[in-house]
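Following our numbering, the residues of the sequence shown are numbered contiguously, the last one being 484.
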Amino acid sequence: MSVFIVLLRAIGPVTHKVMSMAQWREAVVAEGFEAPETYVATGNMIVAGDGTPAAVTRRMDRIVHALGLGPGNKAVVRLPGQLRTLLRANPFPEAALERPSEIGVYFFAGAEPDFTWTGDYQGPERIHVEGRHLIVDYDGRGSSSRLPGIIEKKSGLVTARNWNTLRGLVERAAAYKPSGNT
């Protein structure tokens with residue numbers, strides 16, 4: 303059994319009326335996963351289960367769609383080590399310390415997102431490619447930035463979390479103990 307971190311795309315107040323985090327946890331257990339823990343109410347889960355990340359992604363997509371969410375609510379699955387690697391990479395250490403909520407970490411659904419456009423990007427945000435992820439320092443411009451739309455248009459289906467959430471998921475995953483395992 304492996305540990306997975308599941309990040310749901312497009313989760314917020316509207317989707318909470320359709321599927322609560324408690325309903326998601328219950329449905330995940332009913333589908334054979336073990337000890338699901340959600341982290342904040344924005345579609346983050348740490349869970350134990352069998353299979354590859356791709357297989358877990360397919361299963362999670364079926365679960366959330368069976369609960370009433372639409373095709374835009376896609377699961378993106380990562381292993382804890384992948385998130386630890388992102389956290390350690392920390393291309394913007396000063397910003398991560400001083401204003402972590404202004405750093406976006408983008409998790410793509412596709413195996414090979416297209417980042418060719420990033421070298422030519424001339425916006426005010428700083429962008430760093432880390433493996434198949436983008437890390438963006440918005441420096442206070444997140445709510446007015448056009449970059450999130452550009453990222454999805456040019457690189458593919460994506461969900462984002464801020465640096466605080468990334469750090470919290472890494473910490474929670476490190477402490478995670480599925481029942482029956484020590």
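All C-beta atoms in this analysis are idealised placements derived from N, C-alpha and C, irrespective of residue type, glycine included.
7 Å Cβ shell around residue i - same chain, five flanking residues per side excluded
{"i": "L371", "result": "T317, V320 and M321"}
{"i": "M362", "result": "V308, A377 and V379"}
{"i": "L327", "result": "According to the sequence as given, residue 327 is Arg; it is not Leu. Closer than 7 Å at the Cβ level, and outside the excluded window around R327, lie P338 and T340."}
{"i": "F306", "result": "V349, G351, P355, V358, V379 and L381"}
{"i": "N483", "result": "Confidence in N483 is poor, its pLDDT being 47 and thus under 50, which makes the residue's placement too unreliable to answer from."}
{"i": "R443", "result": "P426 and E427"}
{"i": "E454", "result": "V460"}
CB contact flag (residue i, residue j, <9 Å)
{"i": "V378", "j": "F409", "result": "yes"}
{"i": "P382", "j": "A475", "result": "yes"}
{"i": "E333", "j": "R311", "result": "no"}
{"i": "V342", "j": "V330", "result": "no"}
{"i": "T344", "j": "G374", "result": "no"}
{"i": "L449", "j": "G425", "result": "yes"}
{"i": "S447", "j": "E427", "result": "yes"}
Supposed close pair residue i, residue j - CB separation, criterion 8 Å
{"i": "A397", "j": "D441", "result": "7 Å"}
{"i": "D416", "j": "S457", "result": "5 Å"}
{"i": "L399", "j": "L468", "result": "In fact, because the Cβ distance is near 14 Å, the residues do not count as touching under 8 Å."}
{"i": "R401", "j": "V472", "result": "Not confirmed; about 19 Å, so no contact."}
{"i": "I429", "j": "T420", "result": "5 Å"}
8 Å Cβ shell around residue i - same chain, five flanking residues per side excluded
{"i": "A413", "result": "R434"}
{"i": "D352", "result": "M303, S304 and G334"}
{"i": "I405", "result": "F394, A397, A398, I437, V438, D439, Y440, N464 and W465"}
{"i": "L369", "result": "V320, M321, Q325, W326 and A329"}
{"i": "E432", "result": "T387, L388, A391 and P393"}
Beta-bridge partners of residue i, as assigned by DSSP
{"i": "N346", "result": "L309"}
{"i": "N464", "result": "G406"}
Chain-order list of residues whose beta-carbon lies under 6 Å from that of residue i (same chain, five-residue window excluded)
{"i": "A411", "result": "K376, V378 and L459"}
- Give, in chain order, every unbroken run of the alpha helix (DSSP H) that is at least 4 residues long and sits entirely within the segment 377-443. Counting whole runs of 4 or more residues, the segment 377-443 contains the alpha helix (DSSP H) stretches 382-391 and 395-400.
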